[in-house]
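Residue numbers (our numbering), protein chains in the order written: chain A, 11 to 318; chain B, 11 to 318. Every residue gets a Cβ at the ideal spot worked out from N, C-alpha and C, and that includes glycine. All values derive from a computational prediction rather than experimental measurement. Here is the structure we will look at, set down as structure tokens.
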DNA sequence: ACTTCAGTGTAAATCGATTAACGAACCGAG
DNA sequence: CTCGGTTCGTTAATCGATTTACACTGAAGT
């Protein structure tokens, strides 16, 4: 009634001398009111500049938000640059569209904590998708507390009550290792990004990767080891870099070859790294695969183009 | 009380013989209740498995959702592949983190309509950011209907009551055109992606680009024209491609040069296109910039790397 | 004994909508 | 004239929390 009041179902109903129920029906259940009434309601709504039923109120009453929360890797910047992650995001976005769901992106920074976990607590959504978090990330705990339907993608594998999807990284890496072994490779190196939350950059020993907080990375290394290591040849050298990017792959390849000039193959544990490693190999005058074999991991388009 | 009821402030209050107000305070205003009471409440909450105050209810009462809606270009797939868009997304995500806001991504498909605009209608958010939509996109209308604070980025420029940020595309393109002219270029071509919603692929005449539904593209072409065209030299040939990708840039360059072998310079209206065009030029055995000048637009990292 | 005040907790209105269940009017059929 | 069946609308409970007053209890001040 009062002119400066924000319009709502009630203001419309009052103005028209109707019940809010009728107005609600006019919006949501056209078949349950007469065409005439509906027209009157819509007209009055337009007159008052009513934006339609308030989503928050509706969500409270209906108990569903028509939105999904995606808890995404800490470094959004790197995430967006990683075609594997982008591919996943794209697919998810597409499915959501199909299902009429919105997508709420929650980035899981490593930061202090409180503020950020709040994002998980306050998200108005019906369920969570958790993408590739590190072991023990507090966001996952916060997610589980919400008791909403949840799917964990890739990592961490121990996600409590939540559903999990992902590759069997260890088995596939082992297959790759065995294949390389069959090809005759005996001295193989590994390049990987961000085993753990700290910003280590350089060689990583077994103690480090066995306890890294990225289960994906850990499993891929372990798998390669399963496939490659034998009594007659020692631990596989691992080169770690903080970034997952072509540049990082290149830097790491140089570092690795400087330290182990005798390697005949290098496994990059993501395609993005492999792209950089290829470039670095070329720069060193190495022919691939004659002088050096390089492998990737993921199956992204860029990699195909680069001929990995 | 009843054992199978979902926990809420009230179930906790009842169990403890308190008022819901006290329980609410225990959660949000620790200083307004005694430490003892607070502890009891928290304990009971844990016992019942209470996930904390319901975000939807809180949002209804408080009137704010702590979330921003981003209405994003139709083709999410391309959007994610365009470093310019990704850069924007990343920056926005970062700012939201800083402000304690969540980010709700709403993709604006071209599709049928109804279903999709609903996403805009149902989004539980405090404000909109609209990124680079085509003129007349129904999503923008839906956004404006919500009467929330809104910022339109890049396009469309005529955004009604909403705020707008973006480049002065026309002026910067003109500057580029004039610069090329000074360098002595007289025969210049243009490569651009998606002037309009239809899937046109090939040469685009003035009639087409003057009425294209992408104001960004239109302005850049018009600006180049301002800077390049003179009485003694006719309209600048424009080659359009449906995609904004390196491959598209390459295809377009071939098409353009096949049709106009005498061009001395080609302006790609996005860096992504330019990257592809560079590759295509190399493939044709053209040296850049000796035989052919190629320009980009955006300032993305990949472009710098490619030496544009 | 009479304010006054600090410390704690409560009552109750409210945010804006949805939805079962019900009632009134009307209509042709028996 | 009455009965069963539609059609159109309303009543009222409810979703789960927030927040402004206000009430109560002791203790301290005068």
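Quiz item: What is the DSSP secondary structure of residue 231 (chain A), counted as helix, strand or coil?
Solution: helix
Quiz prompt | Extent of the continuous beta strand (DSSP E) run through residue 251 (chain B) | solution = Where residue 251 (chain B) is concerned, the enclosing beta strand (DSSP E) stretches over 248–251.
Exercise. Take residue 234 (chain A) and list the residues in its own chain whose beta-carbon comes closer than 8 Å to its own, dropping the five residues that flank it on each side.
Key: 183, 184, 186, 187, 198, 200, 246, 277
Quiz item: Are the C-beta of residue 286 (chain A) and some C-beta of chain B separated by less than 8 Å?
Solution: no
Quiz item: If we count Cβ pairs, one from each stretch, closer than 8 Å, do we get three or more for the stretch 151–168 of chain A versus the stretch 130–139 of chain B?
Solution: no
Practice problem: Indicate whether at least one CB of chain A lies closer than 8 Å to the CB of residue 161 (chain B). | Solution: no
Practice problem: Look at the alpha carbon of residue 299 (chain A) and the alpha carbon of residue 305 (chain A), and state the distance between them as a whole number of angstroms. | Solution: The alpha-carbon of residue 299 (chain A) is positioned some 10 Å away from that of residue 305 (chain A).
Quiz item: Using a Cβ-Cβ cut-off of 6 Å (strictly less than) and excluding sequence neighbours within five positions of residue 146 (chain A), which residues of its own chain qualify?
Solution: none
Exercise. Give the straight-line distance between the Cα atoms of residue 42 (chain A) and residue 67 (chain B), rounded to the nearest whole angstrom.
Key: Cα-Cα distance, rounded: 28 Å.
Quiz item: Does the distance from the CB of residue 176 (chain A) to the CB of residue 133 (chain A) come in under 8 Å?
Solution: no
Exercise. Can you tell me which of the three DSSP states residue 239 (chain B) falls into?
Key: coil
Quiz item: Enumerated in chain order, which unbroken segments of the beta strand (DSSP E) with a length of 3 residues or greater are wholly contained in the stretch 31–96 of chain A?
Solution: 77–82
Quiz item: Which residues in the same chain have their Cβ closer than 6 Å to the Cβ of residue 280 (chain A), if we skip the five residues on either side of it in sequence?
Solution: 254, 307, 308
Exercise. Name, please, each residue of chain A whose Cβ falls closer than 7 Å to the Cβ of residue 148 (chain B).
Key: Under the 7 Å cutoff, chain A gives no residues; its nearest Cβ is about 15 Å from residue 148 (chain B).
Exercise. Can you give me the Cβ contacts of residue 275 (chain B) inside the same chain, cut-off strictly under 6 Å, excluding the 5 residues immediately before and after it?
Key: 190, 195, 198, 303
Quiz item: From this set, B:256, B:293, B:96, which residue's C-alpha is nearest residue 267 (chain B)'s C-alpha?
Solution: Answer by Cα proximity: B:293.
Quiz item: Just checking my contact of residue 118 (chain A) with residue 149 (chain A) at CB under 8 Å: how many whole Å lie between their CB atoms?
Solution: 4 Å
Quiz item: Taking the DSSP output, what are the residues bridged to residue 213 (chain A)?
Solution: A:249
Exercise. Give me the Cβ distance between residue 31 (chain B) and residue 47 (chain B), rounded to the nearest whole Å; I'm assuming they're in contact under 8 Å.
Key: That belief does not hold up - the Cβ atoms of residue 31 (chain B) and residue 47 (chain B) are roughly 12 Å apart, past 8 Å.
Quiz prompt | Beta-carbon gap between residue 130 (chain A) and residue 103 (chain B) smaller than 8 Å | solution = no
Quiz prompt | Paired residues, beta bridge with residue 112 (chain B) - DSSP | solution = B:77
Quiz item: Whose C-beta lies closer than 6 Å to the C-beta of residue 319 (chain A) among residues of the same chain, with five residues either side of it excluded?
Solution: No answer is possible for residue 319 (chain A): the residues shown for chain A start at 11 and end at 318.
Self-check item: Whether residue 220 (chain A) touches residue 228 (chain A) by CB criterion (8 Å)
Solution: yes
Exercise. Check the Cβ of residue 200 (chain B) against every Cβ in chain A and list those closer than 8 Å, keeping chain order.
Key: Simply none; closest approach about 26 Å.
Self-check item: chain B residues whose Cβ lies nearer than 7 Å to that of residue 117 (chain A)
Solution: 103, 107
Self-check item: Within chain A, partners of residue 76 (chain B) - CB distance below 7 Å
Solution: 132
Quiz prompt | Buried or exposed (CB count within 10 angstroms, at least 16 for buried), residue 6 (chain A) | solution = Outside the displayed span of chain A (11 to 318) sits residue 6 (chain A), for which this structure offers no information.
Quiz prompt | Any chain B beta carbon closer than 8 Å to residue 37 (chain A) | solution = no
Self-check item: Best match in B:28, B:272, B:21, B:60 for proximity to residue 152 (chain A) [C-alpha to C-alpha]
Solution: When only C-alpha atoms are compared, the closest one is B:60.
Quiz prompt | Assigned secondary structure, residue 130 (chain B) (DSSP; H/G/I helix, E/B strand, else coil) | solution = helix
Quiz item: At which residues does the beta strand (DSSP E) containing residue 259 (chain A) begin and terminate?
Solution: Run containing residue 259 (chain A): none in the beta strand (DSSP E); it sits in the alpha helix (DSSP H), 256–269.
Quiz prompt | Buried or exposed (CB count within 10 angstroms, at least 16 for buried), residue 40 (chain B) | solution = The residue in question, residue 40 (chain B), is exposed, as its Cβ has fewer than 16 Cβ neighbours within 10 Å.
Exercise. Could you check the C-alpha separation between residue 161 (chain B) and residue 99 (chain B) for me, to the nearest Å?
Key: 14 Å
Quiz item: Between residue 213 (chain A) and residue 249 (chain A), which are expected to be in contact by the criterion C-beta below 8 Å, what is the C-beta distance as a whole number of angstroms?
Solution: That pair is a contact at about 6 Å.
Self-check item: Whole-angstrom distance between residue 72 (chain A) and residue 12 (chain A), CA atom to CA atom
Solution: Note that residue 12 (chain A) scores a pLDDT of 47, beneath 50, so its modelled location is shaky and nothing firm can be said.
Exercise. Leaving out five residues on either side along the sequence, give the residues of the same chain with a beta carbon under 7 Å from the beta carbon of residue 218 (chain B).
Key: 205
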